[in-house]
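Asker: Quick one: the structure is below, questions incoming.
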Amino acid sequence: MSTVSIVTSDWNRWSSLEHDRELATHLLGDRGSRVLAEWLDTQRDVVDDTGFGATFSDHIAWPGAATIDFTHRLLTTRRGRLLGGIRFYNRNLSRPFVEVIAHTFDDLTHLVDCVAHEWSLFRPRHLRLRTEPASGDRFPSALPDVSILGARHGEIAAPAAGVRLEEFDDIDDACRIIADAREVLEAAQPDLAESMHHSGLQQLVEWHEATFLHAIVVDKSIVGALAVAPGSVDWITGDVVTDEAVHSSARGHGFAAAARRLWAHRFAGDRDRLLIGAIDHRNTASSRTARNAGREVLSDRIFVPLDV
């Protein structure tokens, strides 16, 4: 393993993070550079960290792999530098890829060659990059993964009349609505349904007790469920949409977008508070809902084949 020690607090030298730097300043003002640098340091901290590697190796018996092989790696070559680590898409061991957290390569081919060589033990098919929105022209061979969407609460459109958010009296109602939405998705997009996180009863109960889970109510009838909890997507922290579902009998009326607007309206006076989430590119319904609620695409994650 050809790792070297590089001070990541000098974050402005990582050319691949140019968009993140601009975004951090846009979202957080003077705090942006510090927040991004601190997040990057947390990624550097698990280079050669066997405690981090054990979170993989304790559950994965990969032929020839030791715990340290699952840690982050910090590399330097004459072509560029790279910080990254092995991942498995949706925890599927047949779909390994390399998460490129930051790099300084000018040529994509050289980056691909470096990743393919360094992580050859795992035979990854792709590397995943952080990019600005709509970067397809720069990466014609890439496959979209997820988009990170967000906005300040005060910038989200005002809520529509007739939709309310209330606590569930019976958690079974939330389970029923989410199960119904899952059935609809499994029938229409089985691949997407398989790759998505599905909230179980225990998770819903925890959200309910923490007042993160709300019923979407129209005309005194519960038509959906919305869960929003404090969290983060990489270095961006805020209120994360963790689950959302509208019953099949009530779809097509914009109730999900209205619910998100209503949630954001509660905190419209807090200029530093964000509503964020990561949405699979195949999940066009959720993406449309997020945009209709006033969130914009902040950044994308794309897969680049390692055989380009």
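So the number in my numbering is just where the residue sits in the sequence shown, counting from 1, plus 1169.
Where a beta carbon is used, it is the ideal one built from N, C-alpha and C, also for glycine.
Expressed to the nearest angstrom, what Euclidean distance is found between the alpha-carbon atoms of H1366 and W1183?
Answerer: Distance between the alpha carbons of H1366 and W1183: 32 Å.
Asker: Can you tell me whether H1279 is helix, strand or coil according to DSSP?
Answerer: Three-state DSSP puts H1279 in a helix.
Asker: What are the start and end residues of each continuous beta strand (DSSP E) run of 3 or more residues lying completely inside the stretch 1357–1435, in chain order?
Answerer: DSSP runs (the beta strand (DSSP E)) wholly in the stretch 1357–1435: 1382–1387, 1390–1402, 1405–1415.
Asker: How many whole angstroms separate the CB atoms of H1295 and G1249, which I take to be in contact at a CB cut-off of 8 Å?
Answerer: Not really, about 19 Å apart at Cβ, beyond 8 Å.
Asker: Within its chain, find whatever has a CB closer than 8 Å to the CB of H1434; leave out the 5 residues flanking it on each side and keep chain order.
Answerer: So the list reads H1322, I1325, A1327, P1328, once near-sequence residues are dropped.
Asker: Check whether the Cβ atoms of L1318 and R1190 lie closer than 8 Å to each other.
Answerer: Contact flag unset, no.
Asker: Answer with buried or exposed for H1241, where buried requires no fewer than 16 other C-beta atoms within 10 angstroms of its C-beta.
Answerer: It counts as buried.
Asker: Give the single residue among R1430, A1426, S1185 whose Cα lies nearest to the Cα of E1301.
Answerer: That would be S1185, whose Cα lies nearest to the Cα of E1301.
Asker: Where are the alpha helix (DSSP H) runs, 4 residues long or more, that stay fully inside the stretch 1184–1257, in chain order?
Answerer: With a minimum length of 4 residues, the continuous alpha helix (DSSP H) runs that stay inside the stretch 1184–1257 are 1187–1197, 1201–1214, 1219–1226.
Asker: Shortest alpha-carbon distance to E1335 belongs to which of R1442, S1202, L1395?
Answerer: The residue with the shortest Cα to Cα distance from E1335 is L1395.
Asker: If you compare alpha carbons, which of S1368, F1308, V1374 is closest to D1338?
Answerer: Among S1368, F1308, V1374, the Cα nearest to that of D1338 belongs to V1374.
Asker: Please tell me whether L1444 and A1320 are closer than 8 Å, where the distance is taken between their beta carbons.
Answerer: Cβ atoms of L1444 and A1320: closer than 8 Å.
Asker: Select from I1405, G1331, P1474, G1438 the residue whose C-alpha is nearest the C-alpha of L1196.
Answerer: Answer by Cα proximity: I1405.
Asker: For the alpha helix (DSSP H) containing R1299, list its first residue and its last residue.
Answerer: R1299 -> not in any alpha helix (DSSP H); beta strand (DSSP E) instead, spanning 1295–1300.
Asker: Are the CB atoms of V1397 and L1277 nearer to each other than 8 Å?
Answerer: No. Outside cutoff.
Asker: Between A1459, L1467, H1450, which has its C-alpha nearest A1311's C-alpha?
Answerer: Measuring from the Cα of A1311, the nearest candidate turns out to be H1450.
Asker: Quick one: using the 10 Å Cβ neighbour count with 16 as the cut-off for buried, is G1446 buried or exposed?
Answerer: It is buried - the Cβ of G1446 has at least 16 other Cβ atoms within 10 Å.
Asker: Between I1340 and the ligand ATP, is the CB less than 7 Å from at least one heavy atom?
Answerer: For the ligand ATP, the structure offers nothing, since it holds no ligand at all.
Asker: On the DSSP bridge list, what partners appear for D1469?
Answerer: Note: D1469 sits in a beta bridge opposite T1300, S1316.
Asker: Going by CA-CA distance only, name the one from D1282, F1436, E1413 that's closest to S1456.
Answerer: With distances taken between Cα atoms, S1456 lies closest to E1413.
Asker: Should the stretch 1411–1430 be regarded as contacting the stretch 1279–1292, the criterion being three or more beta carbon pairs within less than 8 Å?
Answerer: No, they do not touch.
Asker: Please report how far the alpha carbon of P1309 lies from the alpha carbon of D1476, in whole angstroms.
Answerer: Each residue's Cα considered, the two are about 13 Å apart.
Asker: For R1351, name the three-state secondary structure that DSSP assigns.
Answerer: Correct three-state label for R1351: helix.
Asker: In chain order, what residues of the same chain lie with their CB nearer than 7 Å to the CB of E1258, ignoring the 5 residues before and after it?
Answerer: As written in the sequence, residue 1258 is Tyr, which differs from the Glu given in the question. Only R1264, F1266 meet the Cβ criterion.
Asker: Just tell me which of V1269, R1460, L1298 has its CA closest to the CA of E1287.
Answerer: E1287 has its Cα closest to that of V1269, out of V1269, R1460, L1298.
Asker: Whole-angstrom Cβ separation of L1290 and A1223, contact assumed at under 8 Å?
Answerer: Rounded, the Cβ-Cβ distance is 17 Å, inconsistent with contact.
Asker: Give the single residue among L1370, S1401, H1377, I1448 whose Cα lies nearest to the Cα of I1471.
Answerer: Closest by alpha carbon: I1448.
Asker: Under the three-state reduction of DSSP, which class applies to V1173: helix, strand or coil?
Answerer: The predicted model places V1173 with a pLDDT of 38, which falls under 50 and marks its position as unreliable, so this point remains unresolved.
Asker: Please state the DSSP three-state secondary structure of E1268.
Answerer: Residue state, collapsed to three classes: strand.
Asker: Consult DSSP for G1446 and reduce its assignment to one of helix, strand or coil.
Answerer: Strand, per DSSP.
Asker: Determine the burial state of L1262: buried for a count of at least 16 other Cβ atoms within 10 Å of its Cβ, exposed for fewer.
Answerer: L1262 is exposed by the Cβ-count criterion.
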